[in-house]
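**Student:** Residues 686 to 863, numbered by my numbering, are exactly what the sequence shown covers, in order. Idealized CB from N, CA, C, for every residue including glycine.
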Amino acid sequence: MIADTEQAYLDRIRSLFGNRLKKVDTHPGDWSEATLKKLMLLPPSVYVAWLGAGEPRTRNRMVSHWVFYVVGSMLNGRETNRIGLYQMVAVLLSGLVGFKAGSASPLAFEKATNLYSVAQGASGVVLYALYFSCEEIVDPLTDISTLADFLRHYETFGEPDGTPALEAHIDLPGPEHE
686 MIADTEQAYL DRIRSLFGNR LKKVDTHPGD WSEATLKKLM LLPPSVYVAW
736 LGAGEPRTRN RMVSHWVFYV VGSMLNGRET NRIGLYQMVA VLLSGLVGFK
786 AGSASPLAFE KATNLYSVAQ GASGVVLYAL YFSCEEIVDP LTDISTLADF
836 LRHYETFGEP DGTPALEAHI DLPGPEHE
């Protein structure tokens with residue numbers, strides 16, 4: 686469920702930008718110095734990560750929180766032939782707000798954050814995070830098709846003292862009746 690949703694988001698981003706981004710991928714999951722350097726080497730790019738989930742409004746669902754890390758070599762690419770971070774954010778917001786991946790609910794925008802750091806500033810790269818949420822169905826562990834059919838159901842109803850017991854015997858069709 687999470688992996689399928691993530692893949693749908695990656696595919697959506699690729700379709701929105703075509704060949705204008707150097708990389709669209711899953712965030713590797715760690716924030717080591719080596720990983721950050723690797724991410725910063727390839728602007729413009731977008732990385733997706735699932736941040737976890739919260740309690741939903743209904744059972745068998747979860748509210749998933751997603752972040753889209755946007756890496757650019759400049760804030761505004763309006764005067765150049767390169768895409769800037771502002772343009773990337775605009776495309777992502779237009780293309781992701783309301784986007785529905787599989788059985789997940791449409792994406793809802795939460796906030797955008799500038800992740801500026803001294804190291805990032807020295808490298809000449811800008812990094813922003815766009816936060817979204819959606820509701821996802823929690824897949825059951827049991828595959829209902831693997832459960833055996835009930836062939837006979839017995840139930841006895843208790844009544845007040847002195848009342849004879851009432852029995853309900855219901856025969857359900859089984860393999861021998863097919």
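Assuming residue 813 and residue 827 are in contact, meaning their beta carbons sit under 8 angstroms apart, how far apart are those beta carbons, in whole angstroms?
**Tutor:** That belief does not hold up - the Cβ atoms of residue 813 and residue 827 are roughly 42 angstroms apart, past 8 angstroms.
**Student:** On a Cα-Cα basis, can you pick out the residue from 819, 701, 773 and 761 that is closest to residue 742?
**Tutor:** 819
**Student:** For residue 750, write down the residues that DSSP places opposite it in a beta bridge.
**Tutor:** Paired residues: 737 and 818.
**Student:** Buried or exposed: where does residue 718 fall if 16 or more other Cβ atoms within 10 Å of its Cβ makes it buried?
**Tutor:** Counting Cβ neighbours within 10 Å, residue 718 comes out exposed, since fewer than 16 surround it.
**Student:** Could you check where the beta strand (DSSP E) with residue 796 kicks off and where it finishes?
**Tutor:** 793-799
**Student:** Tell me the residue span of the beta strand (DSSP E) that contains residue 707.
**Tutor:** Run containing residue 707: none; DSSP gives neither H nor E here.
**Student:** Quick one: residues in its chain with C-beta nearer than 7 angstroms to the C-beta of residue 795, no 5 flanking neighbours on either side, listed in chain order?
**Tutor:** Sequence-distant partners of residue 795 (beyond 5 residues in either direction) whose C-beta falls short of 7 angstroms from its own C-beta, in its chain, are 816, 817 and 818.
**Student:** Can the beta-carbon of residue 752 be found less than 7 angstroms from the beta-carbon of residue 734?
**Tutor:** yes
**Student:** Is the stretch 707-721 touching the stretch 781-790 in the sense that three or more CB pairs, one from each, lie closer than 8 angstroms?
**Tutor:** no
**Student:** Given this structure, state the Cα-to-Cα distance separating residue 750 from residue 769, to the nearest angstrom.
**Tutor:** 25 angstroms
**Student:** Give the straight-line distance between the Cα atoms of residue 788 and residue 761, rounded to the nearest whole angstrom.
**Tutor:** Using only the alpha carbons, I get a separation of about 36 angstroms.
**Student:** Is the Cβ-Cβ distance between residue 678 and residue 773 less than 7 angstroms?
**Tutor:** Only positions 686 to 863 of the chain appear in this structure, which leaves residue 678 out of reach.
**Student:** Measuring alpha carbon to alpha carbon, tell me which of 825, 778 and 756 ends up nearest residue 722.
**Tutor:** 756
**Student:** Is any heavy atom in the ligand SAM found nearer than 6 angstroms to the beta carbon of residue 826?
**Tutor:** The ligand content of the structure shown is nil, which means the ligand SAM is not present either.
**Student:** Which residues does DSSP pair with residue 757 in a beta bridge?
**Tutor:** 811
**Student:** Applying the criterion that 16 or more other CB atoms from any shown protein chain within 10 Å of the CB defines a buried residue, is residue 823 buried or exposed?
**Tutor:** By the Cβ neighbour-count rule, residue 823 is exposed, with fewer than 16 other Cβ atoms within 10 Å of its own.
**Student:** Helix, strand or coil: how does DSSP classify residue 696 here?
**Tutor:** Residue 696: helix per DSSP, three-state reduction.
**Student:** Output needed for residue 808: all residues of its chain with C-beta closer than 7 angstroms, excluding positions within five of it in sequence on either side, in chain order.
**Tutor:** 725
**Student:** Below 7 angstroms CB to CB, which residues in the same chain sit around residue 737 once its five sequence neighbours on both sides are set aside?
**Tutor:** 750
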